[in-house]
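Trainee: Remember, this note's numbering sits 171 above the position in the sequence shown when you count from 1.
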Amino acid sequence: MTCAPNLYGINMYVVSVLDNGDQRTFVSESLKILDRIVYATICGSPKQFLLSEIVDIVPVDAKPTKAPTTRNLASLVQ
Numbered sequence: 172m173t174c175a176p177n178l179y180g181i182n183m184y185v186v187s188v189l190d191n192g193d194q195r196t197f198v199s200e201s202l203k204i205l206d207r208i209v210y211a212t213i214c215g216s217p218k219q220f221l222l223s224e225i226v227d228i229v230p231v232d233a234k235p236t237k238a239p240t241t242r243n244l245a246s247l248v249q
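1) Assuming Val229 contacts Tyr184 (C-beta within less than 8 angstroms), just tell me the rounded distance between them.
2) Kindly identify the DSSP beta-bridge partner or partners of Arg195.
3) Ordered along the chain, which non-local residues of its own chain (more than five positions away) have a Cβ less than 6 angstroms from that of Phe197?
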């Protein structure tokens with residue numbers, strides 16, 4: 172089983188899926204990939220997609236990858 176690593180505090184994913192030739196985009200609270208099937212929790216409901224139907228998976232809400240600069244800290248305080 173392949174689970175999306177949660178090393179950086181990722182707790183949300185944007186999943187784009189092909190649906191009868193149209194692209195659909197969902198926000199998923201959890202994500203697992205097992206035997207070419209993607210298991211995602213979307214709006215609290217479990218969903219399954221074939222890996223071949225997945226266009227893209229993007230993790231969001233991750234911690235910053237670099238230390239905050241003085242300028243960034245000043246903008247956060249305002």
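The C-beta atom is built at its ideal place from N, Cα and C for all residues, glycine as well.
Mentor: Looking at the atomic coordinates:
1) Confirmed, Cβ separation roughly 7 angstroms.
2) Listed as beta-bridge partners of Arg195 by DSSP are Val188.
3) When the five nearest sequence neighbours on each side are left out, the beta carbons in the same chain lying within less than 6 angstroms of the beta carbon of Phe197 are those of Val186 and Ile213, in order along the chain.
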